[in-house]
Each structure stands twice: as C-alpha cells, then as structure tokens.
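What follows is a short report on a single structure.
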Amino acid sequence: MNTLRLFLITLISLAAVSNAQYLPETENDAIFFEITGNNIEKPSYLFGTIHIMCDDEEFPRAVLARAVSSTDHVVMEIDLSNLPEVIKKSAKALRNDSNPPKELKPFPEVLSKSENDLVVRAVNKYSILPLRIMKGLPLEAVVAVLAASPKALGCESIESYELKIVDAAKSNQKKTYGLETIEEQFKLIESERKKTSTKKRMLEFIAETATRKAQFIELREIYFSQNADKLFDFATTKLKVDPKFQAILLDERNKAWIPKIEKHVNGGAVFIAVGSAHLGGENGLLNLLRAKGYDLKPIKLKVIKRPVNPVSPPPSQ
Numbered sequence: 004m005n006t007l008r009l010f011l012i013t014l015i016s017l018a019a020v021s022n023a024q025y026l027p028e029t030e031n032d033a034i035f036f037e038i039t040g041n042n043i044e045k046p047s048y049l050f051g052t053i054h055i056m057c058d059d060e061e062f063p064r065a066v067l068a069r070a071v072s073s074t075d076h077v078v079m080e081i082d083l084s085n086l087p088e089v090i091k092k093s094a095k096a097l098r099n100d101s102n103p104p105k106e107l108k109p110f111p112e113v114l115s116k117s118e119n120d121l122v123v124r125a126v127n128k129y130s131i132l133p134l135r136i137m138k139g140l141p142l143e144a145v146v147a148v149l150a151a152s153p154k155a156l157g158c159e160s161i162e163s164y165e166l167k168i169v170d171a172a173k174s175n176q177k178k179t180y181g182l183e184t185i186e187e188q189f190k191l192i193e194s195e196r197k198k199t200s201t202k203k204r205m206l207e208f209i210a211e212t213a214t215r216k217a218q219f220i221e222l223r224e225i226y227f228s229q230n231a232d233k234l235f236d237f238a239t240t241k242l243k244v245d246p247k248f249q250a251i252l253l254d255e256r257n258k259a260w261i262p263k264i265e266k267h268v269n270g271g272a273v274f275i276a277v278g279s280a281h282l283g284g285e286n287g288l289l290n291l292l293r294a295k296g297y298d299l300k301p302i303k304l305k306v307i308k309r310p311v312n313p314v315s316p317p318p319s320q
C-alpha cells in the first residue's frame, strides 16, 4: 500500500442535541451515536472524527461541547490533553530502528539533486514554513509539515476535532483518557512503514501531494454526508487497502478497544471520539458494540459552512 493511502486512512482512522440534528436513514447513517442499553445507567456518546479538517465547514461546536459537558469524562484514541508530551513521545517513537541516523539528517544532505528539487518545489508551493527553515529538517519532519499544510489539502486554514474536544473537556473540567498510547499506535503502523525505506516512502508522499489534495476533498464530502459505512468503504475499498494492514490498523484495534470502551461506559457517561473509519464495517465499533448488547442511536448533525477566501490551486509541477 502506498504512502498516500496510509496517510488518508490514518487521517480518517475521532447529551441532548437540540435542533442541530435530523433523522438518519439507516442505523449507520451517522458519525455521532448515543450509546444506551445493556444495563448502563447513563447514555454515552460515540463520535467519528477526521484528524485534520478545513475550518470552513464543521459540525456545530456547541452541540459537541454540550455532549461533552453532559458526560463524566472523555475517551479518545490517545490522550491528547497534554499535547507537548504527545509531541515529545511521537518524536521519540520516530527515532527508532526504522529511522537510521542518515535519515535524521537535513534532507538536502541525503537526497540526490533531482530528489532535492522535488522536495524544494513542494515546500515552496505548500509549506507553512519558509524554505530556509525546512532545509534544516529531516525528510520525515518535512512530510509532517506538508501533511498538515492547508494549501496541500485545499484549505484556507485547518483545525482538529480532537483538539476541540480536548478544549471542551478542559473547559468543563472533564478528565481525558486514551484507548491506547502513542507508542502503541506507532508500533501498529511500523510493519507498514518498514515495507519501503523511509526515503522512498517520504518522496512518494511528497510526489503525491496533488492527488492527496483531490482525495482529501472527496473524503470531506463523504465525511460531511455522515455515513459510517461509506467512510469505511472509502478508507478500505477505494484506497485499495491491503487486507492484512486493514486488519492491523482497524479490525484488531477495534476489537482491542471494545473491553476498554465497555469499562468506561459502565463506569458512567462517556464521550468517545475516534477516527471515523473505525465506526463502520463488519468489525467496526458500531457492529461490535451492538453485538455486545448495546443500543446505538444515530444522530445526524447539521453542517455549518462559513465563507472563506478560496485557495487558488498551485501551479502544476
């Protein structure tokens, strides 16, 4: 599976709701669900996220904030309440055997002229940081910057549902828990990372920037249509995911999360936020929780669109 597919799959791998909702058509025709039944005392909520989004289109913040405030605590894929610590642990996880010392040098020192030219063109077109700073970074860091670049995704600017949820939890003095650690997440994707060298994988990612932008736009359209099964199909079928990697990234993690989710919902009202690709499919969280006897009521949210200045498409390479 190429790096573009890995990026997009990882991207989509996170109370009373007033008049901001309308009726779904099927039991999975939503990405926001109320969890009841199976003798739990209070309803909990399950929300599917996109880890990076444009800020011109979103679900009502007040609705999600009310859902968070109505619960006892928040559960996410990883605990993001201490973001500096998460960043520190992520950087440490990247400095492992899959990144030999050579790969951690500034990219101009390890690339051929043609490879360097490719990276420089991408940085000049898409990076939020100037080239003089980017030239001091290793290739892995360059890709991280480009992955979160608004221009590379066709956005005016970007935001994160996860960080909004963390902010809502903090403002309501709710504790945040993780279903897994950052080290566990990196370990899960390490087998896929090792299939190609870091250099080859990163250059492939950079070369695919234009394609990634088009697929991100399509992903946004599917996400805001709010259908868990369609999101799962996009992440696994359209992107032609290796079934073995799907089992690692989605199926096995979902199954491992179920006992942890059960412990949380049986201990009180919980707001759970995970990547939306984890909801649908045969081994998705919706099916797995229903099989355990829980009722999941789909809640359809209205979408708020804000006018922004359009981003001009970058010139072709």
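If you want the numbering used here, it's the position in the sequence shown, counting the first as 1, plus 3. All C-beta atoms in this analysis are idealised placements derived from N, C-alpha and C, irrespective of residue type, glycine included. All values reported here derive from a predicted model rather than from experimental measurement.
DSSP, reduced to helix, strand and coil, places Asp298 within a strand of the structure shown.
Exclusion of the five residues before and after Tyr226 leaves Ile53 as the residues of its chain whose Cβ lies within less than 6 angstroms of its Cβ. The residue among Asp298, Lys178 and Ile275 with its C-alpha nearest the C-alpha of Ala70 is Ile275.
In the three-state reduction of the DSSP assignment, Ser279 falls in the helix class. The three-state reading of DSSP puts Glu60 in strand, counting E and B together. Contact holds between the stretch 34-42 and the stretch 291-307, because three or more Cβ pairs, one in each stretch, are under 8 angstroms apart.
Rounded to whole angstroms, the separation of the alpha carbons of Gly278 and Asp75 is 21 angstroms. Residue pairing for Thr179: DSSP places it in a beta bridge opposite Val77. Distance from the Cα of Thr184 is smallest, within the candidate group Val78, Gly139 and Val148, for Val78. When the Cα atoms are used, Ile261 and Phe208 turn out to be separated by approximately 33 angstroms. The Cβ atoms of Leu253 and Asn286 sit closer than 9 angstroms to each other. Excluding sequence positions up to five before and after Gly139, its CB lies within less than 8 angstroms of the CB of Pro109, all in the same chain and listed in chain order. Within the stretch 225-272, the alpha helix (DSSP H) runs of at least 4 residues that lie entirely inside it are, in chain order, 231-236, 246-249 and 255-269. Excluding residues up to 5 positions away in sequence, Phe35 and Ala276 lie with their Cβ nearer than 6 angstroms to the Cβ of Phe50 in the same chain. In summary, Asn230 is buried, with 16 or more beta-carbon neighbours lying within 10 Å of its beta-carbon over all protein chains present.
For the pair Leu142 and Ala210, the CB atoms are not nearer than the 9 angstroms cut-off.
Here Gly296 is exposed, its C-beta having fewer than 16 other C-beta atoms within 10 Å. Distance from the CA atom of Asn269 to the CA atom of Lys190, rounded to whole angstroms, is 29 angstroms. Under the three-state reduction of DSSP output, Ile192 falls in the helix class.
A straight-line Cα-Cα distance of about 13 angstroms links Lys45 and Ser72. The alpha-carbon separation between His267 and Glu61 amounts to approximately 27 angstroms.
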